[in-house]
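The structure appears below as C-alpha cells.
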Amino acid sequence: MPDTTPDRAAPAAHPIAPLVAQRWSPRSFTGAALPPGALESLLEAARWAASSNNLQPWHYIVARRDQDAAAFERLVGVLSPNNQTWARNAGVLMLSVARLTNPNNGNPMRHALHDTGAASAQMALQAAALGLQAHQMAGFDAAAARAAFGIPEGFEPVAAIAIGEVGPPEALPEVLAQRETAPRQRRAIEEFAFFGGWKA
Ligand SMILES: Cc1cc2nc3c(=O)[nH]c(=O)nc-3n(C[C@H](O)[C@H](O)[C@H](O)COP(=O)(O)O)c2cc1C
Numbered sequence: 001m002p003d004t005t006p007d008r009a010a011p012a013a014h015p016i017a018p019l020v021a022q023r024w025s026p027r028s029f030t031g032a033a034l035p036p037g038a039l040e041s042l043l044e045a046a047r048w049a050a051s052s053n054n055l056q057p058w059h060y061i062v063a064r065r066d067q068d069a070a071a072f073e074r075l076v077g078v079l080s081p082n083n084q085t086w087a088r089n090a091g092v093l094m095l096s097v098a099r100l101t102n103p104n105n106g107n108p109m110r111h112a113l114h115d116t117g118a119a120s121a122q123m124a125l126q127a128a129a130l131g132l133q134a135h136q137m138a139g140f141d142a143a144a145a146r147a148a149f150g151i152p153e154g155f156e157p158v159a160a161i162a163i164g165e166v167g168p169p170e171a172l173p174e175v176l177a178q179r180e181t182a183p184r185q186r187r188a189i190e191e192f193a194f195f196g197g198w199k200a
C-alpha cells in the first residue's frame, strides 16, 4: 500500500488498522487526475458498505476535474467560500445524496444518513489505500446543490467530498497550511464509550 502521508498518521492510543490511521482530511491537493481505475475502486468500496436492510440509500454525483469540467465547476460553486479555496484542486469532487424513503413501501428510512455516511467512510479508507485522500465537507449549500444537479424531493444532499493526490502544505494560504500540519486530536475513549449505561 502506498504511504504518501506517513507524518499525518493518527497517534492512536491503542493498536488500529494501518489504513484507519493513515486516512486523514487534507486541504492541499495537487489537482492531478486520479490514476486509472481509482474512481471505480472508490465507488466499489462505497458500494460494499453495510446498510439497514441492505437498502443502500447512498447516491454520488461525481465530477472529475479533468473530464467533467462544467460539472466540477458547478460543484465548486455550491461549496462554502472557505472550502472553495482548496477543494477546487481535488482530482474529483463528489456530492453524497441519501434516498430518504424505502423504495419498496415508501416508509421513511431512518438510517439513510447513517448508511450514506458509512459508504463515504469506506470510500475515504479506499482512497487512503490507493495513496490518495478524501476530505468530506458539510460546508456546502444544500438548496443550491439540489438546484444545480436536479436532485429530486425525497433525496437529501449529505456531504461534498474532495478526493485526490495530496499536495504540500506550503501550497496553501498560511492559515490553512498551519491547520494542515497541526497535531491531530481526538476525544478520549472514556468521553464517548459508556460501559454498561449512559454516563451523565
Ligand atoms: C461530515 C463531515 C463534514 C465535514 N465538513 C468539513 C468542511 O466543510 N470543511 C472542512 O475543511 N472540513 C470538513 N470536514 C473535515 C473534518 O474537519 C475532519 O474530518 C476532522 O477535523 C478530523 O480530521 P481528519 O479527518 O484529518 O482526521 C468534515 C468532515 C466530515 C466527516
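Here the sequence shown is numbered in full-length UniProt numbering, starting from 1 and rising by one per residue.
Note that CB positions come from ideal geometry on N, CA and C, so glycine has one too.
| Item | Value |
| --- | --- |
| Within a Cβ cutoff of 6 Å, which residues of the same chain sit near residue 46, ignoring the five residues on either side of it in sequence? | 119, 122 and 123 |
| Which one of 41, 38, 93 and 101 has the shortest CA to CA distance from residue 60? | 93 |
| Just curious, the beta strand (DSSP E) that residue 134 is in, first and last residue? | 133 to 137 |
| Pull up the DSSP beta-bridge partners for residue 85, would you. | DSSP output for residue 85 lists no bridge partner at all. |
| Measure the Cβ-Cβ separation of residue 58 and residue 101 and say whether it is below 8 Å. | no |
| With a threshold of 7 Å, establish whether the CB of residue 25 neighbours any heavy atom of ligand 1. | yes |
| Kindly provide the ranges of any alpha helix (DSSP H) runs that are 4 or more residues long and lie completely inside the UniProt domain "Nitroreductase" (20 to 164), ordered along the chain. | 38 to 47, 69 to 78, 81 to 87, 112 to 129 and 142 to 149 |
| Hey, is residue 138 close to ligand 1, as in C-beta under 7 Å from one of its heavy atoms? | yes |
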